[in-house]
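All remarks here apply to the structure that follows.
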Amino acid sequence: MFSGITERLHGESNDLYRLRDELKKQGLPIQDFISGNINDQGYLFPQDLLEEILVRGLRQCRVYHPDSFGQKFAREAVSEYYRENGLTINTDRILITPGSSLSYWYCFKLLADEGDEILCPCPSYPLFDYIALLSGVKLIPYRLDEARNWSVDADQLEACVSTRTRALVVISPHNPTGHVASAEEIAAIADISRRHDLAIISDEVFSEFLIGRESLPRPAGSDAPLVFTLNGFSKMLALPGIKFGWMAVSGESDRVRKALRSLEFISDTFLPVNEIIQASAPEIFKYGRSVSIDFAKRIRDCWKVAERILASNRQVQFVRPDGGFYVTLRLKNLDEEWAAETILRENHVLLHPGYFYDMAPNHLILSFVQQIETIREFLPKLLETLERQMRQSSAPE
Ligand SMILES: Cc1ncc(COP(=O)(O)O)c(C=O)c1O
Numbered sequence: 053m054f055s056g057i058t059e060r061l062h063g064e065s066n067d068l069y070r071l072r073d074e075l076k077k078q079g080l081p082i083q084d085f086i087s088g089n090i091n092d093q094g095y096l097f098p099q100d101l102l103e104e105i106l107v108r109g110l111r112q113c114r115v116y117h118p119d120s121f122g123q124k125f126a127r128e129a130v131s132e133y134y135r136e137n138g139l140t141i142n143t144d145r146i147l148i149t150p151g152s153s154l155s156y157w158y159c160f161k162l163l164a165d166e167g168d169e170i171l172c173p174c175p176s177y178p179l180f181d182y183i184a185l186l187s188g189v190k191l192i193p194y195r196l197d198e199a200r201n202w203s204v205d206a207d208q209l210e211a212c213v214s215t216r217t218r219a220l221v222v223i224s225p226h227n228p229t230g231h232v233a234s235a236e237e238i239a240a241i242a243d244i245s246r247r248h249d250l251a252i253i254s255d256e257v258f259s260e261f262l263i264g265r266e267s268l269p270r271p272a273g274s275d276a277p278l279v280f281t282l283n284g285f286s287k288m289l290a291l292p293g294i295k296f297g298w299m300a301v302s303g304e305s306d307r308v309r310k311a312l313r314s315l316e317f318i319s320d321t322f323l324p325v326n327e328i329i330q331a332s333a334p335e336i337f338k339y340g341r342s343v344s345i346d347f348a349k350r351i352r353d354c355w356k357v358a359e360r361i362l363a364s365n366r367q368v369q370f371v372r373p374d375g376g377f378y379v380t381l382r383l384k385n386l387d388e389e390w391a392a393e394t395i396l397r398e399n400h401v402l403l404h405p406g407y408f409y410d411m412a413p414n415h416l417i418l419s420f421v422q423q424i425e426t427i428r429e430f431l432p433k434l435l436e437t438l439e440r441q442m443r444q445s446s447a448p449e
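FYI, the numbering for the sequence shown is 53 to 449, going by our numbering.
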């Protein structure tokens, strides 16, 4: 009765989350040091302002007149956002979606047939596996190099290209390594995409959250033949439930035209974006600018505190993130799964072992997007737990 895909659509149960649920059942509060939904950490778009904007949006769209690309005023607002960031992407090259996850699915369907390949960075947030499964494409991992601050190794990336490769995914700032691709890396990736005729899918959902960088180099500013730039309100404005995202299409005009023609059909089949949200988008952008600047500052402040605490510890190494919400910790001779479970049991802090992201062994991932007091209270405790475990595991028998 069911499709082959259905048989493969089941999450693997894992011990860490079973333990978390058990501790929660016992009434213990668990500090979440991993969730990408920063609403839980107290980062919230101002409620009164959002209510006013949504009411005005509602009034604007009592009669339903959908546009397959998304309403023009919403696309104009996205185009304006890029203009303010130094990039010209015309309104008619923007497609509104309910978020980057669905934008990925559109891109995969647009670019690849069953069995075609898409190159994805590894390690990575496990977002694409099910999207690839649902769309029948094969993901080929290309490695980010921890020894070089998790940067892209262009030679290794190029070695992954085959006759079935259709596109490559760039995530910058990257989740979870925090790497921001430099202008040189973007140029090298664009060069590969041009020589092998590949589209670039550029995931920029953490674009507003840079640390120690002034600006974000973007594939859309390169001479790659076809670039889909993905972003949305989910991270930018801590509005994941609003479900407003977009893809901006740039590159050679005939390719862009062809992509947009097909995207119009894909999007028209579903017309998935709420009209009230589309009507509200220009004002959310307008008033949201200061909100995202404030979030970005708070997040940089969090990182400063976390960095000081991490740097005072000699057992755990970390790569300083250039952006995003996460930092990767490298442990000396300690099993990461055991470490994550012990921290959860003893400190009541949830973080992830690196293998959740296909990272080499002995890593933990944590989010520093917290309240500063929470970092001050919990980070030293969990480092102490790690140090103790490492001392024990390296002590002579
Ligand atoms: C790198 C990355 N891209 C995309 C997404 C999903 O974005 P959206 O909420 O817009 O679907 C996430 C979610 O955490 C993410 O980490």
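From the three backbone atoms N, C-alpha and C, an ideal C-beta is built for every residue, glycine too. Here the structure is a predicted model, which is why all the values come from computation and not from measurement.
Check your understanding: Any heavy atom of ligand 1 within a distance shorter than 7 angstroms of the CB on isoleucine 183?
Key -> Outside the cutoff, so no.
Review point. Sorry if obvious, but does the Cβ on glycine 151 come closer than 7 angstroms to a heavy atom of ligand 1?
Key: Placement of the Cβ of glycine 151 at a distance of less than 7 angstroms from at least one heavy atom of ligand 1 is found.
Review point. Does any heavy atom of ligand 1 sit closer than 7 angstroms to the C-beta of glycine 375?
Key: No, Cβ of glycine 375 sits at least 7 angstroms from all heavy atoms of ligand 1.
Exercise for review: For the alpha helix (DSSP H) containing isoleucine 329, list its first residue and its last residue.
Suggested key: 327-363 is the extent of the alpha helix (DSSP H) around isoleucine 329.
Check your understanding: From which residue to which residue does the beta strand (DSSP E) around asparagine 201 run?
Key -> Per DSSP, asparagine 201 belongs to no beta strand (DSSP E) and is neither H nor E.
Review point. Shortest alpha-carbon distance to serine 87 belongs to which of Phe377, Thr437, Arg428, Phe280?
Key: It is Phe377 whose Cα lies nearest to the Cα of serine 87.
Check your understanding: Can you find a heavy atom of ligand 1 that lies under 7 angstroms from the Cβ of glycine 88?
Key -> Checking every heavy atom of ligand 1 against the Cβ of glycine 88, one is found closer than 7 angstroms.
Point to revise | Contacts around alanine 358, its chain only, beta-carbon distance under 8 angstroms, and the 5 residues preceding and following it disregarded | key: Val379, Phe420, Ile427, Leu431, listed in sequence order.
Exercise for review: Starting from methionine 299, trace the beta strand (DSSP E) both ways and give me its first and last residue.
Suggested key: That run of the beta strand (DSSP E) goes 297-303.
Practice item. May I ask you to check if the CB of isoleucine 223 is nearer than 7 angstroms to at least one heavy atom of ligand 1? Key: In terms of side-chain proximity, the C-beta atom of isoleucine 223 is found nearer than 7 angstroms to a non-hydrogen atom of ligand 1.
Point to revise | Reduced DSSP secondary structure (H/G/I, E/B, other) of cysteine 113 | key: Coil at cysteine 113, not helix or strand.
Check your understanding: Straight-line CA distance for valine 189 to histidine 62?
Key -> In a straight line, the C-alpha of valine 189 is about 18 angstroms away from that of histidine 62.
Practice item. Figure out for me which residue from Arg440, Ala290, Phe408, Tyr134 has the closest Cα to the Cα of proline 98. Key: Ranked by Cα distance from proline 98, the first of Arg440, Ala290, Phe408, Tyr134 is Ala290.
Exercise for review: Starting from serine 254, trace the beta strand (DSSP E) both ways and give me its first and last residue.
Suggested key: Serine 254 -> beta strand (DSSP E) spans 251-255.
Practice item. Could you please give the first and the last residue of the uninterrupted beta strand (DSSP E) stretch that includes proline 324? Key: DSSP places proline 324 in no beta strand (DSSP E); its state is neither H nor E.
Exercise for review: Just the C-alpha distance for alanine 331 and glycine 297, rounded to the nearest angstrom, thanks.
Suggested key: Each residue's CA atom was taken as its position, placing alanine 331 and glycine 297 some 13 angstroms apart.
Check your understanding: In angstroms, rounded to a whole number, what distance separates the CA positions of isoleucine 263 and cysteine 354?
Key -> The straight-line gap from Cα to Cα measures roughly 11 angstroms.
Review point. What residue range is occupied by the uninterrupted beta strand (DSSP E) comprising threonine 281?
Key: Segment 278-284, the beta strand (DSSP E) holding threonine 281.
**Study point:** Extent of the continuous alpha helix (DSSP H) run through isoleucine 238
**Key:** Segment 235-247, the alpha helix (DSSP H) holding isoleucine 238.
Practice item. Quick one: which unbroken alpha helix (DSSP H) runs of 4-plus residues sit fully inside the region 127-174? Chain order, please. Key: As far as the region 127-174 is concerned, its whole alpha helix (DSSP H) runs of at least 4 residues are 152-163.
Check your understanding: DSSP puts phenylalanine 370 in a beta bridge; with which residues?
Key -> DSSP lists Leu381 as partners of phenylalanine 370.
**Study point:** Spatial distance of arginine 127 from alanine 239 (CA atoms)
**Key:** Looking at the two C-alpha atoms, the distance is approximately 27 angstroms.
Review point. Which same chain residues, not among the five before or five after arginine 195, have their C-beta less than 7 angstroms away from its C-beta?
Key: Excluding positions up to five away in sequence, the list reads Cys174, Asp205, Gln208.
Practice item. Check whether the Cβ atoms of tyrosine 158 and leucine 315 lie closer than 8 angstroms to each other. Key: Yes.
Exercise for review: Can you give me the Cβ contacts of arginine 216 inside the same chain, cut-off strictly under 6 angstroms, excluding the 5 residues immediately before and after it?
Suggested key: For arginine 216, where only same-chain residues beyond five positions count, the Cβ hits under 6 angstroms are Asp168, Glu169.
Review point. If phenylalanine 258 sits next to proline 225, beta carbons under 8 angstroms apart, how far is it from one beta carbon to the other, in whole angstroms?
Key: Yes, phenylalanine 258 and proline 225 are in contact; Cβ-Cβ is about 4 angstroms, under 8 angstroms.
Check your understanding: Is glycine 230 near ligand 1, judged by its Cβ being under 7 angstroms from some heavy atom?
Key -> Glycine 230: no, Cβ never under 7 angstroms from ligand 1.
Point to revise | CB of isoleucine 148 within 8 angstroms of CB of leucine 171, strictly | key: Their beta carbons are not under 8 angstroms apart, which means isoleucine 148 does not touch leucine 171 by this criterion.
Review point. Beta carbon of leucine 186: closer than 7 angstroms to some heavy atom of ligand 1?
Key: The nearest non-hydrogen atom of ligand 1 is 7 angstroms or more from the C-beta of leucine 186.
Exercise for review: Assign phenylalanine 47 to one of two classes, buried (16 or more other C-beta atoms within 10 Å of its C-beta) or exposed (fewer than that).
Suggested key: A query on residue 47 cannot be resolved here, the shown segment of the chain reaching from 53 to 449 and no further.
Practice item. Could you tell me which residues DSSP puts in a beta bridge with glutamine 83? Key: For glutamine 83, the pairing in a beta bridge is given by DSSP as Val401.
**Study point:** Helix, strand or coil at valine 107 [DSSP, three-state]
**Key:** Look at valine 107 here: in three-state DSSP terms it is helix.
**Study point:** Sheet register partners of lysine 433 (DSSP bridge)
**Key:** DSSP, once it has assigned bridges, lists no residue as partnering lysine 433.
Practice item. Can you tell me which of Phe54, Ser155, Arg108, Cys113 puts its alpha carbon nearest to the alpha carbon of lysine 295? Key: With distances taken between Cα atoms, lysine 295 lies closest to Ser155.
Review point. Out of Phe85, Pro81, Asp100, Gly340, which has the shortest C-alpha to C-alpha gap to alanine 392?
Key: The shortest C-alpha to C-alpha distance from alanine 392 to any of Phe85, Pro81, Asp100, Gly340 is the one to Phe85.
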